[in-house]
Amino acid sequence: MPELPEVETTRRGIEPHIRGRKIRQLLVRDHRLRWPVDAGIPQSVSGQSVISVSRRAKYLLLELDQGWLMLHLGMSGSLRILPSGTPPETHDHVDVLFDSNQILRFRDPRRFGSLFYMTTLDHPLLSKLGPEPLSDDFSVDYLMRRARQVRRNIKTFLMDADIVVGVGNIYANEALFYAGIRPLTEAGKVRRARMARLVAAVKMVLAKAIDAGGTSLRDFLREDGKPGYFRHELQVYGREGEACFACEGPLTSLRISNRATVYCRRCQR
DNA sequence: ATCGGGACCTGCTTGC
DNA sequence: TGCAAGCAGGTCCCGA
């Protein structure tokens, strides 16, 4: 799936096409997503216009006249803007047809994604989320305070959406490399100066990935069907055994909480 | 209360 | 070439 940069890339891609447009019809071909898609959604949103498209964590929020469509891309989801009449392919589970005769089409092979309609933003999935990583709320002070309260490694800590949202496996590996911190270091033992480097690294790597249109490994495509280009910027993710770009030593790999972890023994302490 | 692991799915790559 | 195992960008939920 898309991590935060991919979701933000998608948001920026679709907004100009659907903002101000009226929903003519919403079609659910397969309701079996992470949570079953409510059968009442098509009726609820028909005739409503899109006021704005925003993002909270990795959720896309389509603000309508009287509510919100909330969409998560899961691990393999993507959104495309297509001319109406474009035949659906396998795994194209949801279409939103607009009065512009364009379709917003949701594809998700693994069906880990989700779609909700709600009339307030007071939703349990949004209620306990940590700060946005690119906001000022995600600061050294904040992260030091949270780290003191836990006993777990820094990588798992960083990927916990209660702590900070939007940092998935790729960018956690990348940020720890830039910060020079070993992934298994206990979060509570990271000194302030290094935590400051980590906060800066998270912001930098996410911002650069957004600028590049996200990272495309296999599934992710932008709304226009093109890939993102951040893959070429990756320092450690997917490079186990290869030479570190900084010191040329071989990159080490291990699994932390069952997620592929790659780091440089020499550059990360 | 915190934490790790399992579970949810399909498709692609790898190794026998 | 064929088949099975392993792995993939997320994250909720359960039991320890």
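Heads up, the first sequence is in this note's numbering, so the first residue is 74 and it goes up one at a time.
Using N, Cα and C, we set each Cβ at its ideal position, and we do this for glycine too.
Bear in mind that the values here come from a model prediction, so they are computed numbers and not experimental data.
Looking at the DSSP output, Ser-125 sits in a beta bridge with Glu-136. Nearest to Gly-113 by C-alpha distance, out of Asp-235, Ser-326, Met-191, is Met-191.
Cβ-Cβ separation between Thr-334 and Arg-328: approximately 6 Å, consistent with a contact (criterion under 8 Å). Of the residues Tyr-132, Gly-322, Lys-299, the one whose Cα lies closest to the Cα of Ser-200 is Tyr-132.
Here the alpha carbon of Gln-121 sits roughly 15 Å from the alpha carbon of Ile-176. Given a length threshold of 4 residues, each whole run of the alpha helix (DSSP H) inside the segment 75 to 129 is given here in chain order: 77 to 91, 114 to 118. When the Cα atoms are used, Thr-229 and Asp-168 turn out to be separated by approximately 35 Å. Contact annotation, Leu-134 with Met-143: C-beta distance approximately 6 Å; criterion of less than 8 Å satisfied. For Ile-329, the enclosing beta strand (DSSP E) covers residues 325 to 329. Taking all protein chains shown into account, Asp-165 has 16 or more neighbouring C-beta atoms within 10 Å of its C-beta and is therefore buried. Look at the beta carbons and you see the segment 267 to 283 touching the segment 235 to 255: at least three pairs across the two are nearer than 8 Å.
In this chain, the alpha helix (DSSP H) harbouring Phe-230 covers 227 to 231. Cβ contact annotation for Ser-173 (same chain, cutoff 6 Å, sequence separation greater than five): Arg-94, in chain order. Within 10 angstroms of the beta-carbon of Ser-157 lie fewer than 16 other beta-carbons, which makes it exposed. With respect to the 8 Å criterion, Arg-92 and Ser-127 are not classified as neighbours on the basis of their beta carbons. Annotated three-state conformation of Leu-188 is strand, per DSSP.
Membership of Tyr-302 in any beta strand (DSSP E) is not indicated, and neither H nor E is assigned to it by DSSP. DSSP, reduced to helix, strand and coil, places Tyr-310 outside both helices and strands of the structure shown, so it counts as coil. Inside the segment 162 to 226, DSSP marks whole beta strand (DSSP E) runs of 3 or more residues at positions 165 to 171, 175 to 180, 187 to 191, from first to last along the chain. Residue Asn-226 holds the alpha-carbon nearest to the alpha-carbon of Lys-262 among Gly-239, Asn-226, Val-237, Arg-295. Assignment of beta-bridge partners to Ile-154 by DSSP yields Leu-177. By the neighbour-count criterion, in which 16 or more other beta carbons inside 10 Å mark a residue as buried, Cys-317 falls on the buried side. Take Val-278, set aside five residues on each side of it, and the residues of its chain with a beta-carbon closer than 8 Å to its own are Tyr-244, Glu-247, Ala-248, Tyr-251, in chain order.
A straight-line Cα-Cα distance of about 27 Å links Arg-264 and Ala-130. In this structure Thr-159 is exposed. Its beta-carbon is surrounded by fewer than 16 other beta-carbon atoms within 10 angstroms. Looking at the DSSP output, Tyr-251 sits in no beta bridge, so it has no partner there.
For Arg-342, the three-state secondary structure derived from DSSP is coil.
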